[in-house]
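Working notes for the structure below.
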Amino acid sequence: MTGRAAPQNREITPRFPAEPLKTFEARLTPDERAVWRGLTSPARIQAFLDAVPYSGEERYRSPLTFLRDRTGHCFDGALFAAAALRRLGHPPRIVDLLPGDDDDHVLAIYKRGPHWGAVAKSNFAGLRFREPIYRSLRELVMSYFEDYYNLKGVKTLRGYTRPLDLTAYDRVGWMWSDERLDDIGVKLGEIKSYKVLTPAQVRALQPKDKRGYDAGLVGLNRDGVYQPE
Numbered sequence: 027m028t029g030r031a032a033p034q035n036r037e038i039t040p041r042f043p044a045e046p047l048k049t050f051e052a053r054l055t056p057d058e059r060a061v062w063r064g065l066t067s068p069a070r071i072q073a074f075l076d077a078v079p080y081s082g083e084e085r086y087r088s089p090l091t092f093l094r095d096r097t098g099h100c101f102d103g104a105l106f107a108a109a110a111l112r113r114l115g116h117p118p119r120i121v122d123l124l125p126g127d128d129d130d131h132v133l134a135i136y137k138r139g140p141h142w143g144a145v146a147k148s149n150f151a152g153l154r155f156r157e158p159i160y161r162s163l164r165e166l167v168m169s170y171f172e173d174y175y176n177l178k179g180v181k182t183l184r185g186y187t188r189p190l191d192l193t194a195y196d197r198v199g200w201m202w203s204d205e206r207l208d209d210i211g212v213k214l215g216e217i218k219s220y221k222v223l224t225p226a227q228v229r230a231l232q233p234k235d236k237r238g239y240d241a242g243l244v245g246l247n248r249d250g251v252y253q254p255e
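Note that the working numbering has the sequence shown beginning at 27, numbered continuously upward.
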């Protein structure tokens, strides 16, 4: 992220089951391994996501493909971030933010002590990193509310899923294979979700103000942006 001092680069000893990480790293070239091992904090993971162009392609990329292609959308970025957070000792978990007339947005979530934070790839400037300062998952989700709007300026966040633990997909090689990533997308559509607004609250929402609207579009790739009805 711009304007943030980079933490010292140091090797991290993973505390999460090591076999998928070993398999993933065995597939990396020396240059890829150097990049991967440089992701020593959530902030560094976010900085890497920010440096990668946003993709409007309708395909899913595994963390390995994302690292090699250096492009992807929010789903791809969330999987990559979850894999990188796993190396730092965090369970690889994602949450899907559910909108009205807009695209979903997927976060890689983590905790520091009792508090939640997130790493995310987004076409919108305000839908990316969150510091681990939120006391509940809902509180973390609601921090995205004001910045979650479509091109018509409608604030569109309506709900979120419970966290999905990606270790359930180790058997299909989600960290290095693209073949079964659709399974993860389907599961996000099936698991329990929670509404964040009542119908009356939705009807009373004000449009995004112009200054905030313009700020959120800095760096936007219009080829990959959702076109509201």
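Backbone N, C-alpha and C define an ideal beta-carbon position, used for all residues, glycine too.
Spatial neighbours of Asp127 in its chain, beta-carbon cut-off 7 Å, leaving aside the 5 residues before and after = Asn176, Val180, Thr182, Pro254 and Glu255
Who are the Cβ neighbours of Asp130 in its own chain at under 7 Å, not counting the five residues just before and after it?
-> Asp122, Leu123 and Leu124
Smallest Cα separation from Ala109: which of Pro189, Thr193, Pro140 and Thr97?
-> Thr193
Do you know whose CA, among Gly152, Lys178, Phe150 and Ala144, lies nearest Glu165's CA?
-> Ala144
Going by the beta-carbon positions, is the gap between Arg119 and Asp191 smaller than 8 Å?
-> yes
Three or more C-beta pairs below 8 Å linking the region 99-113 and the region 65-77 | yes
Reduced DSSP secondary structure (H/G/I, E/B, other) of Ile217 = It is coil, neither helix nor strand.
Look at the Cβ atom of Met168, then the Cβ atom of Val222, and state whether they are nearer than 8 Å.
-> yes
Start and end of the alpha helix (DSSP H) containing Glu205?
-> Note, Glu205: premise wrong, no alpha helix (DSSP H); not H, not E.
Residue nearest to Gly185 in terms of C-alpha spacing, selected from Thr55, Thr224 and Arg237 = Thr224
Leaving out the 5 sequence neighbours to the left and right, which residues in its chain are closer than 7 Å to Leu90 when beta-carbon positions are compared?
-> For Leu90, where only same-chain residues beyond five positions count, the Cβ hits under 7 Å are Phe50, Arg53, Met201 and Trp202.
Tell me whether Ala151 sits in a helix, a strand or coil according to DSSP, three-state version.
-> coil
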